[in-house]
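Colleague:
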Amino acid sequence: MLPNWLIESETYAPPKDGGAFVVKTMKTIGMVLARLKVQRGHEKRHAIPAVIKFFLLVALVLLTSVTQNRLILLAMLALVQAYLAFWPAKDLASILKPALFASLLSVLIFAPAMIMHPQGIYNNLIVIAKVFVSVEMVNIFNHTTQWNHITTALRKLHIPSIFIFTLDITLKYIVLLGTVINDLLTSLHLRSVGKNHRKYQSVGGVMGVTFLRSVEMSQQMYEAMCCRGFTDDYKGL
Numbered sequence: 003m004l005p006n007w008l009i010e011s012e013t014y015a016p017p018k019d020g021g022a023f024v025v026k027t028m029k030t031i032g033m034v035l036a037r038l039k040v041q042r043g044h045e046k047r048h049a050i051p052a053v054i055k056f057f058l059l060v061a062l063v064l065l066t067s068v069t070q071n072r073l074i075l076l077a078m079l080a081l082v083q084a085y086l087a088f089w090p091a092k093d094l095a096s097i098l099k100p101a102l103f104a105s106l107l108s109v110l111i112f113a114p115a116m117i118m119h120p121q122g123i124y125n126n127l128i129v130i131a132k133v134f135v136s137v138e139m140v141n142i143f144n145h146t147t148q149w150n151h152i153t154t155a156l157r158k159l160h161i162p163s164i165f166i167f168t169l170d171i172t173l174k175y176i177v178l179l180g181t182v183i184n185d186l187l188t189s190l191h192l193r194s195v196g197k198n199h200r201k202y203q204s205v206g207g208v209m210g211v212t213f214l215r216s217v218e219m220s221q222q223m224y225e226a227m228c229c230r231g232f233t234d235d236y237k238g239l
């Protein structure tokens, strides 16, 4: 005979907990990591060298910034939008969202001046359009050029090695520590049953573990650099 407590069915229903913070944080980190890990975008096999694209970007941004000719600005707008028209729809959001956000921020900044001095609205709109086009071009360059190709281009432009080294290592450890945070948040989310009244303590624990892990990584990198005789001559990843 089985005991009664073994026969009885349990109908435990844990209270619901939002957990929106953890889920949203995991999604955001995942998007950033995916962008950094697989940052190839539309870069094709026989793509334009990153140095040439960098010079073109600087020249076009400067031309857009200093031009006072409305036709040139409209031509820049038309060319950029025509180029984006051949892109897949799923990739357009990563280009247009930052540009629209920058334009909206510019509108908010110029709003008081537009209200107090209506005669200057035209000039303010020109500046907003320039911001939109410039951010679009920067995003296109970022989306079509891998990070290591960008740093290689900076190296060819005789940018100091320590600057390129700092940039490369920063991007690398953003990915590594982002992966650590994502794994910790995933573990926290899977182990949370019912309502968690100590969410902030859990988040503090995640931050503490990430900090300790970053200290450990920095020490390991320093020891590796000492063992390999690092002499500030860095050629990129």
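For the sequence shown, the working numbering assigns the number 3 to the initial residue and increments by one for each residue that follows.
Glycine residues also receive a C-beta, built at the ideal position from the N, C-alpha and C atoms.
Just so you know, these numbers come straight off a predicted model, no measurement behind them.
By the 10 Å Cβ neighbour count, where 16 or more other Cβ atoms means buried, how is Met-209 classified, buried or exposed?
Modeller: Met-209 should be labelled exposed.
Colleague: Check whether the stretch 62-78 touches the stretch 127-142, taking contact to mean three or more Cβ pairs, one atom from each stretch, closer than 8 Å.
Modeller: The stretch 62-78, when compared against the stretch 127-142, does touch it at the 8 Å Cβ threshold.
Colleague: To the nearest angstrom, how far is it from the Cα of Thr-164 to the Cα of Leu-192?
Modeller: Thr is not the amino acid found at residue 164; the sequence shown has Ile there. Cα-Cα distance, rounded: 41 Å.
Colleague: Could you give the distance in angstroms between the alpha-carbon of Leu-64 and the alpha-carbon of Gln-70?
Modeller: One C-alpha to the other measures close to 12 Å.
Colleague: What is the rounded straight-line gap between the Cα of Gly-180 and the Cα of Gln-148?
Modeller: Answer to the nearest angstrom: the Cα atoms are 19 Å apart.
Colleague: On the criterion of 16 or more Cβ atoms from any shown chain inside 10 Å, does Ile-142 qualify as buried, or is it exposed?
Modeller: Flag for Ile-142 reads buried.
Colleague: What does the alpha-carbon distance come out to for the pair Leu-159 and Asn-144?
Modeller: Each residue's alpha carbon lies about 18 Å from the other.
Colleague: Applying the criterion that 16 or more other CB atoms from any shown protein chain within 10 Å of the CB defines a buried residue, is Met-139 buried or exposed?
Modeller: Buried.
Colleague: In the DSSP assignment, find the unbroken alpha helix (DSSP H) run with Arg-193 in it and report its ends.
Modeller: Per DSSP, Arg-193 belongs to the alpha helix (DSSP H) from 163-193.
Colleague: If you drop the 5 nearest sequence neighbours on each side, which residues of the same chain put their C-beta closer than 6 Å to that of Val-53?
Modeller: Taken in chain order, the residues that qualify are Ala-155 and Lys-158.
Colleague: Would you please state the rounded distance, in angstroms, between the beta carbons of Leu-86 and Leu-94? I believe it to be under 8 Å.
Modeller: Yes, Leu-86 and Leu-94 are in contact; Cβ-Cβ is about 6 Å, under 8 Å.
Colleague: Can Ser-204 and Leu-214 be called in contact, C-beta distance under 8 Å?
Modeller: It is not a contact, given that the beta carbons lie outside the stated cut-off.
Colleague: Ignore the nearest five residues each way along the sequence and tell me which others in Asp-235's own chain have a CB closer than 7 Å to its CB.
Modeller: So the list reads Ser-163, once near-sequence residues are dropped.
Colleague: Measuring straight from C-alpha to C-alpha, what distance separates Leu-187 and Trp-7?
Modeller: Their Cα atoms are separated by approximately 36 Å.
Colleague: With DSSP run on the structure shown, which of helix, strand or coil describes Ser-105?
Modeller: The answer is helix: DSSP assigns Ser-105 an H, G or I state.
Colleague: Ignoring anything shorter than 4 residues, give me the alpha helix (DSSP H) runs that lie fully in the stretch 119-154, in order along the chain.
Modeller: Within the stretch 119-154, the complete alpha helix (DSSP H) runs of at least 4 residues are 123-146.
Colleague: Could you tell me if Ile-9 is buried or exposed, where buried requires 16 or more neighbouring beta carbons within 10 angstroms of its beta carbon?
Modeller: Classification of Ile-9: exposed, given that the 10 Å Cβ count is below 16.
Colleague: Taking 8 Å as the CB-CB cut-off, is Gly-122 touching chain B?
Modeller: The question asks about chain B, but that chain is absent: this structure has only one protein chain.
Colleague: Could you check if Thr-233 is buried or exposed, using at least 16 other CB atoms within 10 Å of its CB as the buried criterion?
Modeller: Exposed: under 16 other Cβ atoms inside 10 Å.
Colleague: Tell me the rounded alpha-carbon separation between Tyr-224 and Asn-184.
Modeller: Distance between the alpha carbons of Tyr-224 and Asn-184: 25 Å.
Colleague: Measuring alpha carbon to alpha carbon, tell me which residue in Phe-134, Ile-50, Pro-51 and Ile-171 is nearest Pro-100.
Modeller: When each option's Cα is compared against that of Pro-100, the closest is Phe-134.
Colleague: Could you give the distance in angstroms between the alpha-carbon of Gln-121 and the alpha-carbon of Leu-173?
Modeller: Looking at the two C-alpha atoms, the distance is approximately 45 Å.
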